[in-house]
Every structure is written in structure tokens, then in C-alpha cells.
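Just so you know, UniProt numbering puts 350 at position 350 of the sequence shown, and the rest follows in order with no gaps.
Glycine included, C-beta positions come from ideal geometry on N, C-alpha and C.
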Amino acid sequence: MAEGVVSLLIDKLISLLSREATLLQDIHEEVADIKDELESIQSFLKDADARAAAEEDISEGVKTWVKQVREVAFRIDVFMDEYLLHVAQHHYPHPRQGFSSFLQKSARLITMLIPHHEIAVKVQKIKSLLQKIKERSEKYGFQSTGLGSSSSARNVRWHDPRKDSLYLDDRDVVGIESPRDELIGWLVEGQSHRTVVSVVGMGGLGKTTLVKKVYDHQMVRGYFDCHAWIPVSQSYNIEDLLRSIIKQFCNSRKEPPLLGIDVMEEESLVKKLRDYLWQKRYVVVFDDVWKIDFWEGIKHALLDSHMGGRILITTRNREVASFCKKSSPVHVYELQALPFNKAWELFRKRAFQFDFGGQCPQALKNLSIDIVKKCEGLPLAIVAIGGLLSTKDKTIIEWKNLHDSLGFQFGRNPHLAGVNKILSLSYEDLPYNLKSCFLYLGMYPEDYLINSARLIRQWIAEGFVKEIEGKTLEQVSREYLIELIHRNLVQVSKADFDGKVRQCRLHDLLREISLQKMKDLSFCYNFSKHESSFEGLTRRMSVDGVSYAVLKGFEDTHIHSLLLFNLDELPKFYMNTFCANFKLLKVMDFEDAPLDCIPEDVGNLFHLRYLSLRNTKVKMLPKSIGKLQNLETLDLKQSLVFDIPVEINMLHKLRHLIAYHCNKQIDFSLAYQTGVKIQKGVGCLKYLQKLCVVELNHGGVDLIEELGKLRQLRKLGIKNLSKETMKALCASIEKMNHLQSLDIASIREDEIIDLQSISSPPQCLQRLYIIGRLEKLPDWIPKLQHLAKLAICWSRLNEDPLEVIQNLPSLWKLTIAYQAYNGEQLHFKVGGFPKLKELRLDYLNAVHSLLIDEEALPLLEDLFIGLSPLLKEVPSGIQHLRNLKVLRIVGLPKELEESLDPEQGSHYWIVEHVPAIFLQHKVRTGICGYDTHILRSKHLTLSRVQTTMCQLE
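Next comes the structure, spelled out in C-alpha cells:
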């Protein structure tokens, strides 16, 4: 990925040349020359990367050349950052002066900051190095290519273990019976239209093995007139594929090959194949499809004569399957990892196939279990590691050696080379900016659940995300994440019911791949507790569990991204020199760090774009924060910061200001969450997209009117709203055309929130939380076609809110809680809430009964009923909720809980279809102060657990 390193640097230089031309006035021409030289080298690097990806024999000279390119790119990157920093540090603008004035003065005085000859010497040295590198590229015979990724059609000399799957005996395969039978059903049953069946999953999951067993099954063989199995892979020729299909179809019918097809061109081959398939029922497998538009080149050749033709595709990319939907019905089978019991069975078969009767000796069991868990159900890895261990002595020492060095073994051991290669193919197929995004996930610790919003903001700060007209950088970066997920390189850990990814992670073995690549490319250094020092070139550092004794000796002025995890201490005297030691930082993530203050000179970090103090003990921000002219994200969530200094209003590039604290030691109330106090002048933050939570009792009407100037806001959280500020707030909200999320809380429970005067609400609104008293629900709520989440708390409504909101077309989450309704009955009527998947009804002291009609709430999956003391019966109608997966009931009277007993309860029949039922009781103060019991269900093993389960906020 040397080409990727250079490409990112070129993007950076182009941006500097176009946007910061004034800053570069003195060296603008030299920077443009460097950019041109890098572009001329870039195309040769693509060829070098392609050779490396294909694992051709590469001479030491070529390896040295690629290394030199990376090193000079590193030097250029550092030089540009240092140059811009010097300009900024010596001419920081006065708060009353604009930044443009600062740039103009800086440009005129630049020669006074750094002697001109020093700049010239550095620039000329870089240009000279680039010229020599370019000359050497010709010596090694690189081709100037336009390839977009590192994959290409080359003779790859390695054993592909997937070929073994074509010849496996049924006894050697585990866990495929259910998916095999489902796929066979899709092939031999259903409509007569030509249909595509796509098996999707990450590399090494067993897609080829499964589909081969389906393809060879006697039911499939007997049902179809002709059959073809076509390996596709990353590089293919469409004419060769068509010829192969024709030949295999003929062979399957024991017919001679069609004459002349070896010299036919594509159009003739398509016609010949269509003619051949007339009135025939066929099945063709395309194994290992990579290109999303593969179907476009093949769809016309495979005739739909309504005879039940079937096309079976294996792919790592979900988008391949989606593309086919344009012209054919499509079934998608998402192949899952093996459950542990099946993974363990497969491991035993491989590791002990000739020893101990196929059983694992007790002495090796714990180590073996850990090794299998590391594979996370990936059959390819289990088979390879099991095969490797079958060649070893069955001793604890041998097993422990492999266990402790598994990551290293994947990169070096010939037994595991095929696994490493297959997993790496998905990475090599990525465009360079997505390669960087993927590698960035490797900076997080093993098994870490990565907040997707945190991740995409860091990608943006790094410059990985390309601008696309009509989209925000956040939208583009979320598309990047979805693409990595669709390519099965990233796993979803937590998602909303609407599919929005909240948390993600890397499979352990893909993380090993990312660590190898990061090390090879000097992309990042992961500094762990097992190490005491670091030497080398890198611009990113991930520090995990390192002691302060080690950390205090580390400083690197070249680092521009620093992520900290699992640290014991960060003393104030260490932080006093922190900014001087890491003066080029772009990303500074202190989330969860033992930190209670940040340095006064943090404003000297001119390049800083991302600063997170989330979940730290920091109480104050220094005034120098206003010097961070490039800051895009300031995350203060769960810190102790309350006062935001007025200097924040100088951060004109700020996109996200997240600042609130939830006290989980108290019960949910208006006091549960505290926001921050901001100053007048915030209206100048024109790029701000997220602002939460602002306490409106500081600043008054003037501050609220300024909020109306923030036209790019997507999310706004405000609290301590009073009747004096209501009208101004409504006027400001009307101006926020892009607003998607709005949280409003009043200053007191009895303070009426009047939002009726909003005549034109933001049409993009997807989330609306209203915490406070309402005389009635605003008339405009039913008009919100995109509203997905709605919460009303302490509203004390006299009219049934369900009548107003039951027809919202996009609503999937609804919370009515904390005396939100004064009525005695809530009635969910036929046809109401067609998309609702999550419903929470809690602390409704006046409600006596809850009725659910048949055909109401047809998609509901999660129902929470809590602490409504007058509710004496199990809600009538739960038995109609056939999609309900989770039922949580809090604070039931004893007689009602007894009525749900699986053995003798009179009302158990109402809930017996629900897979998971939780009964919770309040045992202490705080939102997590609940004791939870799992009710026995016919879908659950008998279980009674004592645990603490936090209620939803």
C-alpha cells in the first residue's frame, strides 16, 4: 500500500495548494513541484503494490525502492505540518481579528520566521530525493498503470486452501446441514423465473465448501438439465467465462462441445449460449465474485425462459447480490460463523485426526479452547491451525508456543500462509482510502467495541474521507463504513432497528491482518504493555495498557494521531510537556483516560482536528482552546466540563460539540443529565452539525436567536427551557432545515413546553425527545414523514397521544414515560404503528389498562412495560404480537408475576411465544439499580440469574 500512502499525501498537498494558498505563498511553487513528482511516481507504485499483493518474487532492490518512497513521503508530510505550525504559532490572531487577516500577515512575515535558505535547502533535498526515486523506478521495470487497487491478473504462486473444499468428504465438514438444505430449497422450489441465489460472507467462512455440497447434491443434479461451476475471482475475462459455461453445460449433458466457440467474440458467445438454453432448466455457480457489476456482463447470456433457471453466486460483498436485483429475483444467504460447539468439533477432527481417537487430551483442552475462540468460528482458520497442530508434538509447550504467537504465525508459518493470503485478498481489493480506513480500526484494542460515530470522525480528521458534492463528510464516511461491512471486513456489534450501525469491531484474525499491514507500512505503531520502547517512523500511535514509567520516556514530535487505552495514570506534570512533545497532533483521543486536566498550551496544537475528553475528570478548558483553528470535533461527554469558554466561538471549522454528563447514580429525572453553558457568539460556527447539550437558562433569548444561525445543524440538544425563551426557540428551529435530531427538556416538571408556534418544522427530523409538560402534542408531529424515534416524558397529556401518532410511517421507536399521560387506558388499535419495533411504557401512574388489538403493532420486537402501579393485569393482546422477541416488565405486583409462572400461571399463555422475558425489580437508586430475572420460556433454557441490567435511558 505504498501507493496509498503517496495518494493520501497528494490529496493533502492538493488541498493545501487550493485552500491554503496564502499560507504557502513563499513555497507554493515548490510544493506544486513536489506534488507533480509524487504523481509521476504514484503510477509506478501501483505496479509495485500489485506485484507485492500477488507475492511475486520481488528483489531486495525493489523492496528498498518502495521503502524509500514511503520514507520520503513521511518526510514531506512532516515538513508540511512543521512549516504550517511555525506560521501559525508565531502569528496567532487576536480574538477581534479574522483568520484571513492572520493568514495575510503570516504570508508577508514568513521569511522572518524561518530563514529562507533553510526552507529552500529542505525543499531542494526532498525534490532531489524524489527525482532519484523516479529514476530508479525505470531501472526496476515498473509499468505506469492506472489500476485502482493492488489486485491484478498475475500468476500467483501459492496454495489456495479453498481448492481443498472442492474435494472434502461429508465426514470432514461440520455445521452445513441447515444452510445446505435451505439453499437446495431455494434452487429446486419457487417461481419459474430465472433467480439468483447469493451466498455472502467473509473470506474463509466456507462459502465454497457449502455451495459445492449443494451443487453436488443428488436432488440438485437430478432437478436441472445442465450444470456449470465457474470460478471467477478478482480477475476474469468475460469471453473465457462464457466459453467455460457452454463447455460445462455440454459436458453435463454428455454432449460434444459446440463448434467454433473458441474463436467467437462476446456477442456471438452470448447468442450461442441463449440459443442453447432455450427450454432448458439450468444451474450455474459463479464462485468467488468480487466485482459489484459482474452481473451486468453475464445477465443477457443466461436466458430467462421461465424454466426455473438458477444462478448461485458466492461473494464477500453484499453489493454483488444487490446489483443482481435490477433484473432478477434474488435470495441472499448470509453465511454465519460456526457456533463454538461446531468449531470445537471441526478443530478436534483436524488437530487429533490420527491421535487420541479424535479427542482432545485434558492437558491440552484449555489452550485448545482458547485457540478455537481466537478463530471466532472461521472454518478456514480452524482447519489450518488444526492441521498445523496435528504435525506438532501433543505437549503443553508446543501448544502454548502456538497459542502465544498466533498473530506472528499467520504472517510467517507456511502452514497458515494460505489463510493469511485469503483474508488479505479482501484488504488488497480496497481502494486506497478505504485501506486506510480499515487499517485505522486496528488501532483499537483486541475485541474492542468501536463507537462508529467516534471512528468516522477520526477518519475525517485524518483526511481519509473524500468530499462528494451534495453530501456531508459524515455521510460519506458512514458510507465508507457500510462498504467495509458489506465487504465483510468489519462486523456490526450493535445497530438500531433501522440498521444504523452504532458499534463495530474487527474479527480477531482480520485484526491480525491489519496489524501486519500497519507494521509493514509504518501506518501505526501499537504500543502495548509488553513493550518498553519504540523506534521507527510512524505518524500514528495506539497506546494500550502501558505503564506511566514507560510512557513518560516516550515522545515523538512526528506523531499526528494518538489513541490511549487502559492507562493507570497521566500525572499533571507529564501533561505539562505533552503538547510540546506531540506538537503535530491531529487526533488526540483521551476517552476513558485517568485525566483531570489538559495543558494550558493545548492551543499550540495548530493541526488538532479531533479532541476527545470523554469520560475523563477534566473540569475546565483553557482559553487557548480558541487557537485550535482546525478543530472539527470536541467531545466532552461524561467529562466534568460545565463552562465552555467564549473562545470556542473562534473555532470556525468546528463540526461537533458534544458536552453533557449523565449521573447514573440517581433515578431518571430532569436533573439526571446536565448540559453546558455556552456564550453568545456561537452563531458564527457555521459548520456546526452537532450541538448537545446546551443549558438555555444561561444566555437567554439572545443566545437562542443565535442558534438559529446554525443552519447546518443535524443534532441539537437543549435543556432548562422556560416559557420566556419558548417563542425564540421555535423561530430558531424553523431555520434549521437540516435538523435530524432534537432533544428538548424544560427547566422544571411543571414548566409547559409550547412548540405549537413552529409552523414549518424541519422535514428531515428523525428523532424528537420532549422532556417536560405539554398542553397537547404539537400539531406538526403527525406531518413528520421521516420521524423514527419519539419520546415524551413528564408531559401530563390529557388526550390519548396514540391517536395522534399511530400513523407515522417511519416511527420504529416510541417511549411514553414518567407521567406522560394522565389517562386510564392506552389502546393500540388495528393498523396502528405499522413500523414500530421498540415500545417503552414506563412510570405511567394513571394507566389502569393496556389494550393491543390484533393486527396492531405488527412488527414490534421489543416491549418494555415498567412501574405503572395501577396496571394489575398482563396487558391484553400481547399474544397477538407474533414478532415480539423481548418482553421486559418492571415492578410487577407479586400476584401478577405469579400469573406468568410457566408451570401454573393463569396468564402465561399470553406471553409463552416470546423468546426472552425479563422481570425486573428496583433494588437501589440509579438507572442501573435493577435486579433482573429471566422467566422460563419454551424457547429458553431454564435460567434464573441475579444481574444488574440498566434500564434504557
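Item                                                                                                           : Value
Ser943, buried or exposed, once every other Cβ within 10 Å from all chains shown has been counted against 16   : The pLDDT assigned to Ser943 is 34, lower than 50, so where the model puts this residue is not dependable; a value taken from the coordinates is nonetheless given after this. Classification for Ser943: exposed.
Given 8 angstroms, three or more beta-carbon pairs between the region 642–649 and the region 673–685           : yes
Three-state secondary structure assigned by DSSP to residue 958                                                : The requested residue 958 does not occur in the structure, where the chain is confined to residues 1 to 953.
Paired residues, beta bridge with Lys690 - DSSP                                                                : His656, Lys715
Arg748 - DSSP class collapsed to helix/strand/coil                                                             : coil
Proximity of Glu345 and Val173 at Cβ, strictly below 7 angstroms                                               : no
For Tyr843, the three-state DSSP class (helix, strand or coil)                                                 : coil
For Met541, the three-state DSSP class (helix, strand or coil)                                                 : strand
Cβ-based neighbour list, Phe74, same chain, cut-off 6 angstroms, excluding 5 preceding and 5 following         : Leu537
Of the residues Arg840, Tyr276, Ser40, the one placed nearest Lys127, counting alpha carbons only              : Ser40
Sub-7 angstroms separation of Val188 and Tyr223 beta-carbons                                                   : yes
Separation of Val320 from Trp186, as counted between CA atoms                                                  : 18 angstroms
Bridge partner(s) assigned by DSSP for Cys226                                                                  : Tyr282
Assigned secondary structure, Arg505 (DSSP; H/G/I helix, E/B strand, else coil)                                : strand
Extent of the continuous alpha helix (DSSP H) run through Leu441                                               : 432–441
Separation of Gln89 from Phe497, as counted between CA atoms                                                   : 48 angstroms
Met588, DSSP secondary structure in three states                                                               : strand
Rounded separation between Leu562 and Val587 - CA only                                                         : 6 angstroms
Nearest neighbour of Ala384, chosen from Phe410, Ile397, Arg714, Gln359 [CA to CA]                             : Phe410
Complete runs of the alpha helix (DSSP H) confined to the region 885–925 [at least 4 residues]                 : 894–898, 908–911
Per-residue DSSP class, three states only, for Lys617                                                          : coil
Exposure label - Asp589; buried when at least 16 CB within 10 Å                                                : buried
Anticipated Cβ contact below 8 angstroms, Leu814 with Leu839, distance rounded                                 : 5 angstroms
DSSP state of Ser74 mapped onto helix, strand, coil                                                            : The question names Ser, yet the displayed sequence has Phe at residue 74. Looking at Phe74 - three-state DSSP - the assignment turns out to be helix.
Nearest to Glu474 (by Cα), restricted to the options Val490, Arg457, Leu335, Gln904                            : Arg457
Candidates Val199, Tyr480, Glu895, of which the one nearest Ile311 by Cα                                       : Val199
Of the listed residues Arg714, Lys723, His530, nearest to Leu688 (C-alpha basis)                               : Arg714
Cβ pair count under 8 angstroms reaching 3, the region 497–513 against the region 434–450                      : yes
Secondary structure of Asp11, DSSP reduced to three states                                                     : helix
Integer Cβ distance of Cys684 from His652, believed to fall under 8 angstroms                                  : 7 angstroms
For Asn317 and Ile382, the rounded distance between their alpha carbons                                        : 22 angstroms
Top-ranked residue by Cα proximity to Gln131, from Lys67, Leu38, Met202                                        : Leu38
Touch test, the region 724–738 against the region 771–780, Cβ-Cβ under 8 angstroms, three pairs minimum        : no
DSSP three-state assignment for Asp288, whether helix, strand or coil                                          : strand
Bridge-paired residues (DSSP) for Arg348                                                                       : Paired residues: none, contrary to the question.
Ala453 classed as buried or exposed, judged by whether at least 16 other C-beta atoms fall within 10 angstroms : buried
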